[in-house]
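Participant: Got a structure for you, questions after.
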Amino acid sequence: MNVMDTRATSAMLYLDGVHVSFDGFHAINNLSLTLEPGEMRAIIGPNGAGKTTMMDIITGKTKPDEGTVLFDGTVDLTRLDETRIAELGIGRKFQKPTVFESQTVQDNLLLALNVDHSVRGTLFWRGSKAESERIDKVLETIRLTDARNRLAGSLSHGQKQWLEIGMLLAQDPKVLLVDEPVAGMTDVETHLTAELLKQINKNHTIMVVEHDMTFVRELGVKVTCLHEGSVLAEGSIDQVSANERVVEVYLGR
Amino acid sequence: MFGFCFGRAHALFLSILLLSCFALPALAGPFEDSVAKFANDEFSDTEAAVGEVASSGNPQAFPIISSLKDGRLSADPDSKKVFITQADGKIVDAASGAAVDKLPDNAAAVRLNNRLRRSVEAALGGLTLLSPDPARRLAAAQSVFKSHEENLLPTVDSALAKESVKSIKQAFTEARAAIILFKSDASESDKLDAISVVKARGDQEALALLTSLGGDAPPLVAKAATSAVAAIQSNLAMWSMVQNAWYGLSLGSVLLLAAIGLAITFGVMGVINMAHGEMVMLGAYTTFVVQEVIRTRYPALFDYSLLIAVPLAFLVAGAIGVLIERSIIRFLYGRPLETLLATWGLSLVLQQAVRTAFGPTNREVGNPSWMSGAFELGQITITYNRLWILCFTLAVFAILLAMLRYTALGLEMRAVTQNRRMAASMGIATSRVDALTFGLGSGIAGIAGVALSQIDNVSPNLGQSYIIDSFMVVVFGGVGNLWGTLVGAFTLGIANKFLEPVAGAVLGKIAILVLIILFIQKRPRGLFALKGRAVEA
Amino acid sequence: MTPHILTRSLDRAATSFILIVAGVGVLIPLSNLLMPQGSIFQVPTYLVALWGKYLCYAILALSIDLIWGYCGILSLGHGAFFALGGYAMGMYLMRQIGSRGVYGNPVLPDFMVFLNWDKLPWYWYGFDKFAFAALMVLLVPGLLAFCFGWLAFRSRVTGVYLSIITQAMTYALLLGFFRNDFGFGGNNGLTDFKDILGFNVQADGTRCALFFLSCLALMIAFLICRAVVTSKLGKVLIAVRDAESRTRFLGYRVESYKLFVFTLSACMAGVAGALYVPQVGIINPSEFAPGNSIEAVIWVAVGGRGTLVGAALGAVVVNYAKTFFTSGPLAPYWLFMLGALFILVTLLLPKGIVGTFNAWWEPWRTGRSTGLAADEESAAREDGIGAANAAE
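Line by line, the protein sequences give chains A, B and C.
UniProt numbering numbers the first residue of the first sequence as 1 and each following residue consecutively.
UniProt numbering numbers the first residue of the second sequence as 1 and each following residue consecutively.
UniProt numbering numbers the first residue of the third sequence as 1 and each following residue consecutively.
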């Protein structure tokens, strides 16, 4: 594992001194965090610790009041909007599974493919063998090949979570931000999801937010615990769960 | 031949005067001779007679000329006798005032033409200076101020000497100053004094008077007049600002009243109620019904009609609001666009129902005595109904604010606004809160209707004219914030009234709409927007 | 490039719709012109004009459905684009009157003479040429929609906020066009048209030609809408409708998509208005009334939002009902019915006539034809990848 290398140039994601407040409430307070290329990082922390807000900042949904957010060491994300950031290669899975419910599973993936996203391009789009092969492959990975023609809205909760991860795969971003991927999943599904993420991690950088400590342990990656908008502890799962403060504010005794 | 200029009253009067000057030497005789001229049935003689009678100082002058104006003056061409038919039908001899049994058979009404009518008006203006009725004296003084008729100077002087009412005395002083200003043989110092009197008056008419003075005045007077004009103009500009601000506040209060209920339903529940305007309309019709009942049964209570109508309108509109929420809107939560359509349909139904019940035309809603009339504040006129509505609006706003802050329902409403799911899990019956909130919003629209019935036509379309404006206020002020609605309403009201004189009423309104559309681009969630993650939910 | 868009657009329902409209467009004019007067097979001219009006409304409904049904943009101001297209056509028709007006001025329309204007305002130049007017029919609504949409979508005004400002837009235009000094005939609008392209607007032949053109325009508008919604762009629009921010996070520039359909839709509404004006013989500011725009939305809701056939059908059905009821003894109750229609459709029939029918019919049909036929059906419905692969 890449130990504490804070050089801005080498980090995939670099957050430094970020502040955000909503009407006086400090959602993010002097947050600094780096994510190395190829790394998978698990983010834990109590509700209101700023996990989702941090993802909002990275993906351009929320603009920070101050601080630096760099992608790939050079791109200032605070100046860009969601679309531009997604185009750069940052994909996001939402806390609440968000798929296009009135469209088929296959169309959901088709929409996610990182091909020409311009109005002209989509209007005159006619598909290609390469595209359908990629979709087939993703369907296989997320185990939804049989459900390809079903409406996404008719999928089970766990299947929707996977479809959303599948959409991330189709999007093929450099960085995946995954918010609570196993919420509402059975133990088996949780295990499969962990496997899936590890497999994806082979060629993608990933940041996972999750409350399920079994799942986090299973991922076996470096963990960051957020509290009140800043980093409380960072390290391996054992180190973090041994930390007094973490136990006090989050894990409980 | 006398250089008539029909457009200008004083020139006309001057010519009448000239006429009488020519006539006087030939017919220098008693008052009766002048009166007898009315019997000649010639417009020129009648004109001469008007001039002579008016300047005679005879007590019969006023009755004669006023009856001439009303077509009650008749003359017998044979005997040259002239008679007045009084308003009560009695006949008197015009010259002497003695009662007469009946009109001679061949007596005919003295005819008037338009030119004569103007001389009659002017003559009456002078004569009413001495009228026993203070309101008429004041009006006469104002009219003399405008006409600044030189030959009325003695009358004005005597009227001034006799006058005891302060404001009328002031008016006479100003009238006198106006005459002196235009009197060719007045001394320069008198004219300068006159200018300062006119300048102190400082209104549009004073300005008109001074600007019509023209360039042939002596240089010192002309200079004083110019500086007075400038002073009056800046004074007037200041007052017109005040006037616009007042109109703006007044419009703002109406907008606030119409929008405040909407701010509650939209802000708290996220429900777009397109039938909101119809709730206002129902409130106005409640006022109408209350007044009808009072008129027919208890006329003495008329002055209290609004006090009775306010709670009733609140109950009527509020009850209908709760009914609407329970029967339609609750099935559409989370589907704002559908809510919009359904409530629009509802507004059509309500309008048509009222049209069927009360007819499509405007209904008469009266102002109680304490709401009619106006008072002057400096150069502007403030009507009592507008003033009361402003106070009423602020009171409603304050009560609502207090209610939200200090009552259990208010607390629950705020809780539901901030986090519906959390509120529900805390044991708040959100559906009850929704129904009551909607009822409250509708009820406030109802009392807005009571107020609006005082200044607008009560017709089935009343609500429609306010709905777009109220939405603009809410959107501009920011959803979910009553203070935003307050600021939004007054800002829009004042901006509208300041744009109106520049751009005209319609263009001003269009400009406001365009500005709001542009404003929403900059701040899509209004002036006072909620921030944070909750917004998206 | 075009053929695959066409084949993709024309599924069975779409083809039937096109054929029906084409049939109506040919048969009704023929019956009016060829059948003897008074025959039961002869469609009277007033009916041709009336149904021509419905067809224009159907195009307007399509344009609304394209943005509301597929992209979730509820415009309560589409009547404005319709009316602007109508005014552009009305200006052409006004200038065709020439010296036959009451005042006989060869250049100035009557209302300008009446207002003592001595020359034509600059924005009336060019409207004596049909080609220019036709261009303006597309350009004026399109440009307004583009500017308005650019401002609104860029700053992410969505949902009811957008609905309200579109309503304010048409309201502002309503106030403006009521004014005499705007130069569009004020309160009375533009009327007393004489001829169009040299043909008398009152003549049976012209009426029939206009009717045919309306059918043609409806077909073209329908095809354009089909092409848009069956393309990948259509899928993006639905994605925007269902989860706008998700679409953004996938890297789609949502505002560009919205702007594209909004502008396209406004142009279609403009064409509808332009065809409407010569058939009803008048255009006045009341077309800008916010109520009109909302009424057009309810046609779409009745027919079935998100189904193009439904939108067109809804426009015809509701307007037929309107004509039927407002001309009979039930006239005072029409507004009750219209109001109730708004409420009932949103509460009880959210998918509209066609949507509900589809939801009802599809399972039954697929249930009946299991096995072999099912593949065919599903292949036809999956106009996305499947069809595209099959084409290769």
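Every residue, glycine too, gets a C-beta built ideally from N, C-alpha and C.
State the DSSP-derived secondary structure class of residue 27 (chain B), mapped to helix, strand or coil.
Facilitator: Stepping through the second sequence from its first residue, residue 27 (chain B) is reached at position 27. In this predicted model, residue 27 (chain B) has a pLDDT of only 40, less than 50, meaning its place in the structure is not dependable enough to derive any value.
Participant: Contact between the segment 84-95 of chain C and the segment 127-138 of chain C is defined here as three or more beta-carbon pairs at a separation below 8 Å; is this criterion met?
Facilitator: Yes, the segment 84-95 of chain C is in contact with the segment 127-138 of chain C.
Participant: Between the segment 488-510 of chain B and chain C, which residues of the former have CB atoms less than 7 Å from a CB of the latter, in chain order?
Facilitator: Residues passing the 7 Å Cβ filter: 506, 509 and 510.
Participant: What do you get for residue 78 (chain C), buried or exposed, if any count of 16 or more other CB atoms within 10 angstroms of its CB means buried?
Facilitator: The residue you call residue 78 (chain C) lines up with position 78 of the third sequence. By the neighbour-count rule (16 or more Cβ atoms within 10 Å), residue 78 (chain C) is buried.
Participant: Measuring alpha carbon to alpha carbon, tell me which of A:205, A:195 and A:122 ends up nearest residue 34 (chain A).
Facilitator: If you number the first sequence from 1, residue 34 (chain A) lands on position 34. It is A:205.
Participant: Taking only the alpha-carbon atoms, compute the straight-line gap between residue 17 (chain C) and residue 292 (chain C) and give it to the nearest angstrom.
Facilitator: As a first step, residue 17 (chain C) must be located in the third sequence, where it is residue number 17. As a first step, residue 292 (chain C) must be located in the third sequence, where it is residue number 292. Rounded to whole angstroms, residue 17 (chain C) to residue 292 (chain C) spans 26 Å at the Cα level.
Participant: Taking the beta carbon of residue 122 (chain A) as the centre, do at least 16 other beta carbons fall within 10 Å, making it buried, or is it exposed?
Facilitator: Position 122 of the first sequence, counted from the first residue, corresponds to residue 122 (chain A). It counts as buried.
Participant: On the CB-based measure, 16 or more other CB atoms within 10 Å of its CB, does residue 40 (chain C) come out buried or exposed?
Facilitator: The sequence position of residue 40 (chain C) within the third sequence is 40, counting from 1. Per the 10 Å Cβ criterion, exposed.
Participant: Should residue 78 (chain C) be flagged as near chain A, meaning a C-beta pair shorter than 7 Å?
Facilitator: Taking the first residue of the third sequence as 1, we reach residue 78 (chain C) at position 78. Chain A, which has no Cβ nearer than 7 Å to the Cβ of residue 78 (chain C), makes this no.
Participant: What is the residue span of the alpha helix (DSSP H) that residue 74 (chain B) lies within?
Facilitator: Residue 74 (chain B) sits at position 74 when you count from the first residue of the second sequence. Here residue 74 (chain B) belongs to no alpha helix (DSSP H); instead the beta strand (DSSP E) covers 73-76.
Participant: Taking Cβ to Cβ, would you say residue 129 (chain B) is nearer than 7 Å to residue 493 (chain B)?
Facilitator: Position 129 of the second sequence, counted from the start, is the residue given in the question as residue 129 (chain B). Position 493 of the second sequence, counted from the start, is the residue given in the question as residue 493 (chain B). Result no, Cβ atoms of residue 129 (chain B) and residue 493 (chain B) do not sit closer than 7 Å.
Participant: By the criterion of Cβ-Cβ separation under 7 Å, what are the contact partners of residue 513 (chain B) in chain C?
Facilitator: Within the second sequence, the letter at position 513 stands for residue 513 (chain B). Under the 7 Å cutoff, chain C gives 168, 171 and 172.
Participant: Could you run through the segment 209-227 of chain A and flag, in chain order, every residue whose CB is less than 7 Å away from some CB of chain C?
Facilitator: Within the segment 209-227 of chain A, no residue qualifies.
Participant: Listed from N- to C-terminal order along the chain, which residues in the segment 348-361 of chain B have their beta-carbon within a distance smaller than 9 Å of any beta-carbon of chain C?
Facilitator: Per Cβ criterion, the list reads 348, 349, 350, 351, 352, 353, 355 and 356.
Participant: Quick one: what does DSSP say residue 476 (chain B) is sitting in, helix, strand or coil?
Facilitator: Position 476 of the second sequence, counted from the start, is the residue given in the question as residue 476 (chain B). Here residue 476 (chain B) sits in helix by DSSP.
Participant: Mind listing, in chain order, the continuous alpha helix (DSSP H) runs of no fewer than 4 residues lying wholly within the segment 115-171 of chain A?
Facilitator: The qualifying runs are 119-123, 129-141 and 157-171.
Participant: Using the Cα positions of residue 163 (chain B) and residue 101 (chain B), report the straight-line distance between them to the nearest angstrom.
Facilitator: In the second sequence, residue 163 (chain B) corresponds to position 163, counting from 1. In the second sequence, residue 101 (chain B) corresponds to position 101, counting from 1. Their backbone Cα atoms lie some 37 Å apart in a straight line.
Participant: For residue 81 (chain B), which three-state DSSP category applies?
Facilitator: Taking the first residue of the second sequence as 1, we reach residue 81 (chain B) at position 81. Of the three classes helix, strand and coil, the one that applies to residue 81 (chain B) here is strand, per DSSP.
Participant: Determine contact between the segment 13-25 of chain A and the segment 63-72 of chain A, defined as no fewer than three beta-carbon pairs at a distance below 8 Å.
Facilitator: The segment 13-25 of chain A, when compared against the segment 63-72 of chain A, does touch it at the 8 Å Cβ threshold.
Participant: Check the Cβ of residue 297 (chain C) against every Cβ in chain B and list those closer than 8 Å, keeping chain order.
Facilitator: Translated into the one-based positions of the third sequence, residue 297 (chain C) becomes position 297. 341, listed in chain order.
Participant: When burial is assigned at 16 or more other CB atoms within 10 Å of the CB, is residue 422 (chain B) buried or exposed?
Facilitator: Position 422 of the second sequence, counted from the first residue, corresponds to residue 422 (chain B). Its Cβ having fewer than 16 others within 10 Å, residue 422 (chain B) is exposed.
Participant: For the segment 202-236 of chain C, which residues have a beta carbon sitting closer than 9 Å to at least one beta carbon of chain A?
Facilitator: Listed by position along the chain: 227, 228, 231, 232, 233, 234, 235 and 236.
Participant: Sorted by chain position, which residues of the same chain lie with C-beta nearer than 7 Å to residue 238 (chain C)'s C-beta, five sequence neighbours on each side aside?
Facilitator: Here residue 238 (chain C) refers to the residue found at position 238 of the third sequence. Cβ within range, chain order: 70.
Participant: Any beta carbon of chain B sitting closer than 7 Å to that of residue 176 (chain C)?
Facilitator: Here residue 176 (chain C) refers to the residue found at position 176 of the third sequence. Residue 176 (chain C) counts as touching chain B.
Participant: Can you tell me the Cβ-Cβ gap for residue 93 (chain A) and residue 142 (chain A), rounded? I've got them flagged as a contact below 8 Å.
Facilitator: Counting from one through the first sequence, the residue named residue 93 (chain A) turns up at place 93. Counting from one through the first sequence, the residue named residue 142 (chain A) turns up at place 142. With a Cβ gap of about 12 Å, residue 93 (chain A) and residue 142 (chain A) do not count as contacting.
Participant: Under a CB-based cut-off of 7 Å, is residue 300 (chain C) close to chain B?
Facilitator: Position 300 of the third sequence, counted from the start, is the residue given in the question as residue 300 (chain C). Not one chain B Cβ lies under 7 Å of residue 300 (chain C).
Participant: Given that residue 164 (chain C) touches chain B, what residues does it touch there, using C-beta distances under 7 Å?
Facilitator: Residue 164 (chain C) sits at position 164 when you count from the first residue of the third sequence. Here the neighbours are 471 and 475.
Participant: Could you give the DSSP three-state label for residue 114 (chain B): helix, strand or coil?
Facilitator: Here residue 114 (chain B) is taken as the residue at index 114 of the second sequence, counted from 1. In the structure shown, residue 114 (chain B) sits in a helix (DSSP, three-state: H, G or I).
Participant: Below 8 Å CB to CB, which residues in the same chain sit around residue 198 (chain B) once its five sequence neighbours on both sides are set aside?
Facilitator: What you label residue 198 (chain B) is simply residue 198 of the second sequence in a count that begins at 1. Closer than 8 Å at the Cβ level, and outside the excluded window around residue 198 (chain B), lie 174, 177, 178, 181, 206, 209, 210 and 228.
Participant: Along the alpha helix (DSSP H) that carries residue 257 (chain C), what are the first and last residues, could you check?
Facilitator: Position 257 of the third sequence, counting from 1, holds the residue named residue 257 (chain C). Here the alpha helix (DSSP H) through residue 257 (chain C) covers 254-280.
Participant: Nearest by alpha-carbon distance to residue 169 (chain A): which of A:105, A:97, A:109 and A:85 is it?
Facilitator: Taking the first sequence and counting its residues from 1, the one referred to as residue 169 (chain A) is at position 169. The option with the nearest alpha carbon to residue 169 (chain A) is A:109.
Participant: Taking residue 299 (chain C) and residue 57 (chain C) to be in contact with their CB atoms under 8 Å, please state how far apart those CB atoms are, rounded to whole angstroms.
Facilitator: Counting from one through the third sequence, the residue named residue 299 (chain C) turns up at place 299. Counting from one through the third sequence, the residue named residue 57 (chain C) turns up at place 57. That pair is a contact at about 7 Å.
Participant: Does residue 99 (chain B) come out as helix, strand or coil in the three-state DSSP assignment?
Facilitator: The residue you call residue 99 (chain B) lines up with position 99 of the second sequence. In the structure shown, residue 99 (chain B) sits in a strand (DSSP, three-state: E or B).
Participant: So residue 26 (chain A) is in the beta strand (DSSP E); what residue range does that whole segment cover?
Facilitator: Residue numbering aside, residue 26 (chain A) sits at position 26 when the first sequence is read from its first letter. Taken as a continuous stretch (DSSP letters only), the beta strand (DSSP E) holding residue 26 (chain A) covers 25-35.
Participant: By DSSP, does residue 328 (chain C) sit in helix, in strand, or in coil?
Facilitator: Counting from 1 along the third sequence, the entry for residue 328 (chain C) is found at position 328. Three-state DSSP puts residue 328 (chain C) in coil, outside helix and strand.
Participant: Per DSSP, what kind of secondary structure is residue 12 (chain A) in: helix, strand or coil?
Facilitator: On the first sequence, residue 12 (chain A) is found 12 positions in, with the first residue counted as 1. Residue 12 (chain A) falls in the coil class under three-state DSSP.
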